[in-house]
Amino acid sequence: MTKYKMHITGLVLFLTIGLFSISATSFAQQKDQEDPSGYISKYNPKFAGIGPPVYFVPAPRTTEEILHDAYKNKQTFADTIAIALTLQRFLIDYKLTSNSAQLQYLISPLPATPQAWETIIQQTRNADNTNTLYGLLNESALYAIKNGAYPLALKQLEEALSTVQKTENKNDLSIIQFNLANLYLFDQKFEQAANFQEQYYKNAIQNKTYLDQANSLVKIATIQAFDRDFKSAEQTIIRKAIPLYNKTRSYEGKILAWEQLALIYQMQKKHTQAQWFLLQARELAEKKSLPGELAELEYMLAESKFDDGNLKVSKNEFINARKLAEKEDNKLLQLAIENKIGELFMKLKDYNAAKESLEKYWALRAELFK
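Going left to right, the sequence shown walks through residues -28 to -1, 1 to 342 as mature numbering (1 follows the signal peptide of the UniProt record, and there is no 0) numbers them.
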């Protein structure tokens, strides 16, 4: 037993000496190191516990490092904002049928669920009321789109189309074709979008409605651009749509056509051409007192110059766009602006402004995407 005690005592002594030796070596190494934090100026030399007498910790993260990570983490959400902006434009363009006003007695108050809509629609089917049915389906599709139920909206618009084709209401037929074309375009199903938009355009030619022709041509150009046929897209707007807007004196339509043309050039990274048409659109909007598009025009100009590397000029235009979007109370556009202007401030190393923009960004994002 005495023999085992001696062995154990010797082992404990060995471990104690070993730990002291490691601690002393670590202390000697730490003593020679600089403190990266810059905060530790003294330590207790009488410390005799296990481990080094002092631990050096990494320096606190700088504001720049914290912001850099925060901006990096939100980059993936930029696509969601872009899709939401496209949807916002789509909803503005969505057309109601000629009997929309007469349908209000059926849908007031507005049905709050898809099931409630389907109940009213099924009752109308059972009553074999064709004229009311296609209008209801068009209204219900709009509700579905607003709630992100795009497959349901497509199904309802397809039924609305087959229903309206049983009537003599050619104008409503065109309206449903137009909505279907835009929804297929939003869903990036370009072949179907082109098919319905061409039908709408032909009907507009037959009816000699020049403004409808022009609007349709801009949509056709957009489809051509997504199909990478940029030359045709440019010519469709410049040589066909713009003259029709001039003929009808539709200044707002012309502004929107120039916006779309600028987007087509931006898709090709032709920023100089894009900026030229955006400047024309902004000048016309100001001249004709059409403030509705100014915020988006200013944002598009700023974004184009940002992408082109012209940071200082884009800063001024982003700030102007921010003010205009706030004046219009366009929260989604405000979010898009803060998303980009914050990146600009980071590139300019204006970290206080970048931090302020990031706070606005998160407040708006929390409000819009709950």
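By construction, the Cβ of each residue, glycine as well, lies at the ideal position given by its N, Cα and C atoms.
In this structure, the alpha-carbon of glycine 314 lies about 32 Å from that of lysine 260. DSSP, read as helix, strand or coil, puts aspartate 65 in helix. Spanning the alpha carbons of lysine 332 and threonine 85 requires a straight line of approximately 33 Å.
For the pair of segments examined, the region 41 to 60 was found not to touch the region 161 to 174: the number of CB pairs separated by less than 8 Å stays below three.
Put simply, the backbone Cα of glutamate 224 is about 8 Å away from that of alanine 257. Counting only the Cα atoms, asparagine 119 lies some 29 Å from tyrosine 173.
Counting only the Cα atoms, glutamine 178 lies some 46 Å from lysine 342. With a contact defined as Cβ atoms closer than 8 Å, alanine 132 and leucine 109 qualify at about 4 Å.
Here the alpha carbon of arginine 97 sits roughly 28 Å from the alpha carbon of aspartate 65. In the three-state reduction of the DSSP assignment, isoleucine 309 falls in the helix class. The criterion of a C-beta distance shorter than 8 Å is not satisfied by glutamate 265 and alanine 293. Taking 8 Å as the upper bound for CB-CB distance, phenylalanine 317 and alanine 325 are in contact here, some 4 Å apart. Taking a C-beta distance under 8 Å as the contact criterion, asparagine 154 and phenylalanine 62 qualify as a contact pair.
The alpha-carbon of aspartate 144 is positioned some 12 Å away from that of lysine 138. Around the beta-carbon of isoleucine 22, fewer than 16 other beta-carbon atoms lie within 10 Å, marking it exposed. The three-state reading of DSSP puts alanine 20 in coil, since its state is none of H, G, I, E or B. CA-CA distance, serine 204 to asparagine 175, rounds to 21 Å.
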